[in-house]
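Numbering (the numbering used here), first residue to last: 12 to 260. For glycine and all other residues, C-beta sits at the position ideal for the given N, C-alpha and C. Read through the structure below, which is laid out as structure tokens, and then see the notes.
Here it is as structure tokens:
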């Protein structure tokens, strides 16, 4: 039987979501905990691969097991067993072919930029001392909707069949002393969100002009785009699926 896990984690102390040969990952910690509690060898497949230091407010993963359990009991036991920076929100049964990664309709990310030095927020947002021109950043953000090929924002040496992504939402909001960038698309390339934010910051700082965004995207060249902002300000906040993945048993 196949199940979906809904979970959240603080990525500060992990080398990303995916299992690594010589570093601790979120996936590994959850697999070990579940295998112990269910007395079964559990392998989980995540909705995506967050990089080292990136957080998730909502992540999904699927797993298969023939062991019977009560969902609420497993959630309670897992949350008691797992470290304080990983929490299970839900477990539910899905169709046998439901796939956490391939059946996701969209993913949403949030990037947080702190405009004031905040000693309680160092690990949760990127502190930027310089003054940004938010109006220019918003203008440049709107240019993203005119394109589908975002190779210029992808980590080089990435093994993908296409660099095409359908961006559904991209916007900036000033929330208290934070600039927050939210972006939603059907798929993302490796490092894409952090490279987009770095490019938009350069425009906000006056290092690039708004219209340069067209040139950068058309170039398909990562070196033309801006710097990659630090991982600790990035959050996976939403993964959407069709309702049809759930079983009606």
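- Judged by DSSP secondary structure, residue 147 falls within the alpha helix (DSSP H) whose first and last residues are 145 to 154.
- DSSP places residue 204 in the helix class (H, G or I) of the three-state scheme.
- Contact between residue 147 and residue 214 holds: their C-beta atoms lie close to 5 angstroms from each other, under 8 angstroms.
- In the same chain as residue 233, and ignoring 5 residues on each side of it, the C-beta atoms closer than 8 angstroms to its own belong to 162, 163, 164, 165, 166, 167 and 206, in chain order.
- Collapsing the DSSP output to three states places residue 87 in a helix.
- Considering only 159, 181 and 87, the residue with the shortest C-alpha distance to residue 151 is 181.
- Cα atoms of residue 46 and residue 70: separation of roughly 19 angstroms, rounded to the nearest angstrom.
- Linking residue 78 to residue 208 through their CA atoms gives a straight-line distance of about 44 angstroms.
- Between residue 121 and residue 193, the CB-CB gap stays under 7 angstroms.
- Note on geometry: alpha-carbon atoms of residue 60 and residue 114 lie some 15 angstroms from one another.
- Contact annotation: residue 224 and residue 154 have beta-carbon atoms nearer than 7 angstroms.
- Under DSSP, the beta-bridge partners assigned to residue 251 are 117.
- Contact check for residue 116 and residue 253: beta-carbon distance about 6 angstroms, within the 8 angstroms limit, so the pair qualifies.
- At a Cβ-Cβ threshold of 7 angstroms, residue 25 and residue 41 do not count as neighbours.
- Around residue 228, the same chain offers 158 and 163 as residues with beta carbons nearer than 6 angstroms, after the five sequence neighbours per side are excluded.
- In terms of CA proximity to residue 30, 55 leads the group 13, 55 and 21.
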